[in-house]
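Below is one structure, written out as structure tokens; comments come after it.
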């Protein structure tokens, strides 16, 4: 789990950095280069709509997005360090950070059902339950050790 959090933090920091770098670029030109790189048809209505939407992105929105992504990267970095050091608070942070998205996932499924969304929700629920069970087991073991040392 610690390695996963370190990797995810690194990816999120890179994305945040790249988003902020887009402030100094012409977004339409950047997207156009990517369209050509992927050999997509620039005349395709979907591609045209993407370009229209890109022109509506305000610089402030890029800054906000970069800050939010960087914040999530920081959370995963702290969580990874805590898990690496086997800190109990890091396990609680893992439960909270995983469970925090469950309501959003449920809303997404209600709004537009997809099997992938349902599987993602199921996996996140399983992870949360696993982490809670792990914390409970560890607490029970600690309690048993302390009870045994005073008998």
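In this note's numbering, the protein residues as written are 88 to 238. We put the CB at the ideal spot given by N, CA and C, even for glycine.
| query | result |
| --- | --- |
| In whole angstroms, give me the CA-to-CA distance for residue 210 and residue 223. | 20 Å |
| Alpha carbon to alpha carbon, what distance is there between residue 206 and residue 197? | 14 Å |
| Tell me which same chain residues have a C-beta within less than 6 Å of the C-beta of residue 177, skipping the five on either side of it? | 166, 169, 170 |
| Flag residue 126 as yes when its Cβ comes closer than 7 Å to any non-hydrogen atom of the ligand ATP, and as no otherwise. | Among the ligands in the structure shown, none appear at all, so the ligand ATP cannot be discussed. |
| Rounded to whole angstroms, what's the CA-CA distance from residue 183 to residue 98? Just pull it up for me. | 21 Å |
| Please report the Cβ distance between residue 115 and residue 142, rounded to the nearest whole angstrom; I am assuming they are in contact, meaning their Cβ atoms lie under 8 Å. | 6 Å |
| Contact between the region 132–148 and the region 109–124: three or more CB pairs below 8 Å? | yes |
| Considering Cα atoms alone, identify which of 163, 181, 132, 102 is closest to residue 215. | 181 |
| Mapping the DSSP letters down to three states, classify residue 190 as helix, strand or coil. | helix |
| Thinking C-alpha only, which one of 104, 173, 132 is nearest residue 149? | 104 |
| Under 8 Å, do residue 208 and residue 229 count as touching if we go by C-beta distance? | no |
| From residue 186 to residue 151, what does the alpha carbon distance come to, in whole angstroms? | 23 Å |
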